[in-house]
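Undergrad:
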Amino acid sequence: MSVAAILLEQRTRTETKSRTEIQQLIEESSSEIRSVESQIADFESRLTSLVERRDRENLVVDALRHLISPIQLPVELLEQQLGQYTHFQDAYRVSHVCSHWREIAFGAPHLWTGPVDIDFRVGFGDVYELRTWLSRSAPMSVPIILAGFLPKKDLAKPVLDELFAISSRWRSLSLRESAPAWFFTRLVEHPLESLEKADLGTIPDLEGTSALPLFGAAPLLRKLNVVANPRLFFFVSNLFAPRRVRHVRHTSTLLNARLDMPWMQLSGLTLQEGAAPDVSLDILAQCANLVTVSVVTFPWTSLPPSRTETITLPHLRVLELDFLHGADKRFMPFLNAISAPALTRLLLYFGSYLPWSVSAFTTFQLRSPHLTSLELCYASLTSDDLRAALSHAPLLRDLNVYACPDCVDDALVRALHYERGSAPLVPRLRNLSLRGNSSTKLSEYILASLIASRWWTDAEEKAGTAPTDVARWERVELQVQPQWQLQSSFSQKFEDIVADLKRRGLATEQELRDPHSRIYAIVFLAGRRGGC
0 MSVAAILLEQ RTRTETKSRT EIQQLIEESS SEIRSVESQI ADFESRLTSL
50 VERRDRENLV VDALRHLISP IQLPVELLEQ QLGQYTHFQD AYRVSHVCSH
100 WREIAFGAPH LWTGPVDIDF RVGFGDVYEL RTWLSRSAPM SVPIILAGFL
150 PKKDLAKPVL DELFAISSRW RSLSLRESAP AWFFTRLVEH PLESLEKADL
200 GTIPDLEGTS ALPLFGAAPL LRKLNVVANP RLFFFVSNLF APRRVRHVRH
250 TSTLLNARLD MPWMQLSGLT LQEGAAPDVS LDILAQCANL VTVSVVTFPW
300 TSLPPSRTET ITLPHLRVLE LDFLHGADKR FMPFLNAISA PALTRLLLYF
350 GSYLPWSVSA FTTFQLRSPH LTSLELCYAS LTSDDLRAAL SHAPLLRDLN
400 VYACPDCVDD ALVRALHYER GSAPLVPRLR NLSLRGNSST KLSEYILASL
450 IASRWWTDAE EKAGTAPTDV ARWERVELQV QPQWQLQSSF SQKFEDIVAD
500 LKRRGLATEQ ELRDPHSRIY AIVFLAGRRG GC
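Residues 0 to 531, numbered by numbering that gives the first Met the number 0, are exactly what the sequence shown covers, in order.
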């Protein structure tokens, strides 16, 4: 219906009408409009009611279908799935999916225990929001991550006030960047009853000379990562009442203040950034309950005087020593100073090739008769030295030798080769990793024969034809440069031996060949069950 057509219609209609009569027609049409609008309003009201009835019945149908559905998701399972999120803001997002999820999220504190990650340079937003997040996680503990401390502490104060208010619920504290001294001053003043792990980075110079009981109120602390000079700590026993502190990680720079640390309670300790070897040993002497130790230190420039007493670590299972650069320097006195009768794993890393002493290492082995894993990296020992070490490790299961060019040779491979009727070297060896460098040379046939000599099929084992005095390989990793380095490919004999092992069931995880460097890297997954 167009306006022009209506105008033409009404002009024809009113050609003989007076103005008064036309005014009367206007009033009649207006009345008709009001009547129609009333009918429309009544219809819309009825339509709205009908729509509401329809929507309600749809919900009724959905609810009834949910009740009779064969699979229903329990609330506990939904909580578990929602708990897979790693950040507390993820909990906020899922709580807005629907009212049901929101009700579950608000009633499950563990959903709000993801890392509270704050960078003060970016800001956190409204402090009230932070308070809300933290309150929803109560009474459970939460990890705290802080970074970007600003020069003016007033800018961080509102956020830190909220965090320190729940310091007793901190599960971990990680400072991604150095924190100012005033932060540690505040930290000392608050209880840390739930703290299990702290990564503090570099502690700045602290005023005063008195001892700072940084973790005096952290009875559950297990792991600590701190860049600090060992002189920062007291090496005196019983500074604290017995606590449940278990793991400490610390690294070295120059500082003025000193910290009380409950060394006697530790079961795990990491000393990094090259503390002097004597200082590292002094620290270990205070830690009689250690289970794992990792030390990065320097070798001695000259032979140090013998210590009056051997440091006995009766519970130590894992010892990792990383000696930094220092050619023609001594490291063996470090091992000479330690007695670890329960030691099962020894890892020795060297920044340079340091002199090896067979007699000193043998003495250490005799004090650690239960060694099952040995890892050497950039060690200067010869093939004879390594065979001597293996002869004093009858329980050894894992051997990892990396970039030790003088000890990985045909003589070592022959010594590991098993022959029936002969007493095998390291009879329980199951995992072998030989990773060499450009000076490592092995004969291909001897290498392949080593793999074949300590492996057999399940059928052979069930039939009783497999050896019983030596373990079967579980994993063999080889990355070596063969002696035939002038050839463009490996010999067919070597290829045939490897192919035969594969046909018999020896699995290969990866096989890398570099025709330019002649490096051959292969990982054999030989099985999980041994013969002894």
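Cβ coordinates follow ideal geometry from the N, Cα and C atoms, glycine included.
Candidates Glu443, Leu415, Ser293, Ala4: which alpha carbon is nearest Lys222's?
TA: Looking up residue 222 in the sequence shown gives position 223. Nearest C-alpha to Lys222: Ser293.
Undergrad: Check Ala422 in the structure and name its three-state DSSP category.
TA: The residue you call residue 422 lines up with position 423 of the sequence shown. Residue state, collapsed to three classes: coil.
Undergrad: As an exercise, report each continuous beta strand (DSSP E) stretch of at least 3 residues that is fully enclosed by the stretch 344 to 392, in chain order.
TA: Fully enclosed beta strand (DSSP E) runs of 3 or longer: 344 to 349, 372 to 376.
Undergrad: Identify, in the order they occur along the chain, each residue of the same chain with its Cβ nearer than 7 Å to the Cβ of Ser390, setting aside the five sequence neighbours on each side.
TA: Indexing the sequence shown from 1 puts residue 390 at position 391. Hits under 7 Å: Leu424.
Undergrad: Who are Phe322's beta bridge partners in DSSP?
TA: Translated into positions along the sequence shown, residue 322 becomes position 323. In DSSP, Phe322 forms a bridge with Thr296, Phe349.
Undergrad: Thinking C-alpha only, which one of His314, Pro354, Thr343, Leu63 is nearest Phe330?
TA: In the sequence shown, counting from the first residue as 1, residue 330 sits at position 331. Nearest option by C-alpha distance: Pro354.
Undergrad: Is the stretch 410 to 419 close to the stretch 384 to 402, with three or more CB pairs under 8 Å?
TA: Taking 8 Å as the limit for Cβ pairs, the verdict is that the stretch 384 to 402 does touch the stretch 410 to 419.
Undergrad: For Phe105 and Leu149, I'd like the C-alpha separation in whole angstroms.
TA: In the sequence shown, residue 105 corresponds to position 106, counting from 1. In the sequence shown, residue 149 corresponds to position 150, counting from 1. Using only the alpha carbons, I get a separation of about 34 Å.
Undergrad: Between the Cα of Leu268 and those of Pro276, Val278, Ile282, Asp277, spot the shortest distance and give me the residue it belongs to.
TA: Indexing the sequence shown from 1 puts residue 268 at position 269. Of the candidates Pro276, Val278, Ile282, Asp277, the one whose C-alpha sits nearest the C-alpha of Leu268 is Ile282.
Undergrad: Quick test of the definition: if touching needs 3 or more C-beta pairs under 8 Å, does the stretch 169 to 188 touch the stretch 129 to 138?
TA: No, because fewer than three Cβ pairs between the stretch 169 to 188 and the stretch 129 to 138 fall closer than 8 Å, the two stretches do not touch.
Undergrad: Can the beta-carbon of Ser193 be found less than 8 Å from the beta-carbon of Arg175?
TA: One-based indexing of the sequence shown puts residue 193 at position 194. One-based indexing of the sequence shown puts residue 175 at position 176. No; because the gap between Cβ atoms is not below 8 Å, this pair is not in contact.
Undergrad: State the Cα-Cα distance for the pair Ala164 and Ala287, rounded to the nearest angstrom.
TA: Within the sequence shown, the letter at position 165 stands for residue 164. Within the sequence shown, the letter at position 288 stands for residue 287. Roughly 36 Å between the two C-alpha positions.
Undergrad: Mind reading off the beta-carbon distance from Tyr352 to Ser379? Whole number of angstroms is fine, and I expect it under 8 Å.
TA: Your numbering for residue 352 matches position 353 in the sequence shown. Your numbering for residue 379 matches position 380 in the sequence shown. Contact flag correct, Cβ pair sits at about 4 Å.
Undergrad: At 4 residues or longer, what runs of the alpha helix (DSSP H) sit wholly inside the stretch 144 to 226?
TA: DSSP runs (the alpha helix (DSSP H)) wholly in the stretch 144 to 226: 156 to 164, 180 to 187.
Undergrad: How long is the line joining the alpha carbons of Leu533 and Ser279, rounded to whole angstroms?
TA: The question about residue 533 has no answer here: the residues shown for the chain are numbered 0 through 531.
Undergrad: Can you grab the Cα-Cα spacing for the pair Lys16 / Glu26, in whole Å?
TA: In the sequence shown, counting from the first residue as 1, residue 16 sits at position 17. In the sequence shown, counting from the first residue as 1, residue 26 sits at position 27. Using only the alpha carbons, I get a separation of about 15 Å.
Undergrad: With burial defined as no fewer than 16 other Cβ atoms inside 10 Å of the residue's Cβ, what is the status of Arg396: buried or exposed?
TA: Here residue 396 refers to the residue found at position 397 when the sequence shown is read from its first residue. Counting Cβ neighbours within 10 Å, Arg396 comes out buried, since at least 16 surround it.
Undergrad: Within 10 angstroms of the Cβ of Phe42, are there 16 or more other Cβ atoms? Answer buried if so, exposed if not.
TA: Counted from its first residue, the sequence shown places residue 42 at position 43. Per the 10 Å Cβ criterion, exposed.
Undergrad: So is Asp160 buried or exposed if we call it buried at 16+ other beta carbons inside 10 Å?
TA: For this step, residue 160 is matched to residue 161 along the sequence shown. When all chains shown are included, Asp160 counts as exposed.
Undergrad: Using 10 angstroms around the beta-carbon of Thr13, count the other beta-carbons present and answer buried if the total reaches 16, otherwise exposed.
TA: Taking the sequence shown and counting its residues from 1, one reaches residue 13 at position 14. Classification of Thr13: exposed, given that the 10 Å Cβ count is below 16.
Undergrad: Going by C-alpha distance, which of Leu433, Ser44, Asp153 is nearest Leu385?
TA: Translated into positions along the sequence shown, residue 385 becomes position 386. Among Leu433, Ser44, Asp153, the Cα nearest to that of Leu385 belongs to Leu433.
Undergrad: My output table needs one value for Gln285: the three-state DSSP class, helix, strand or coil.
TA: Taking the sequence shown and counting its residues from 1, the one referred to as residue 285 is at position 286. If DSSP states are grouped into helix, strand and coil, Gln285 belongs with coil.
Undergrad: Which same chain residues end up closer than 6 Å to Pro298 when comparing Cβ atoms and leaving out the 5 residues on each side of it in sequence?
TA: Walking along the sequence shown from the start, residue 298 turns up at place 299. Taken in chain order, the residues that qualify are Phe322, Gly325, Lys328, Arg329, Phe330, Leu353.
Undergrad: The alpha helix (DSSP H) spanning Val412 covers which residue range?
TA: Working through the sequence shown from its first residue, we reach residue 412 at position 413. 409 to 415 is the extent of the alpha helix (DSSP H) around Val412.
Undergrad: Could you please give the first and the last residue of the uninterrupted beta strand (DSSP E) stretch that includes Arg434?
TA: Residue 434 sits at position 435 when you count from the first residue of the sequence shown. Per DSSP, Arg434 belongs to the beta strand (DSSP E) from 430 to 434.
Undergrad: Check each candidate in Cys97, Pro157, Trp100 and name the one with the smallest Cα separation from Ile117.
TA: Sequence index remark: in the sequence shown, residue 117 carries index 118 (1-based). Considering only alpha carbons, the answer is Pro157.
Undergrad: Under 8 Å, do Pro190 and Met139 count as touching if we go by C-beta distance?
TA: One-based indexing of the sequence shown puts residue 190 at position 191. One-based indexing of the sequence shown puts residue 139 at position 140. No.
Undergrad: Residue range of the beta strand (DSSP E) that Val469 falls in?
TA: What you label residue 469 is simply residue 470 of the sequence shown in a count that begins at 1. Premise fails: Val469 is in no beta strand (DSSP E) and is neither H nor E.
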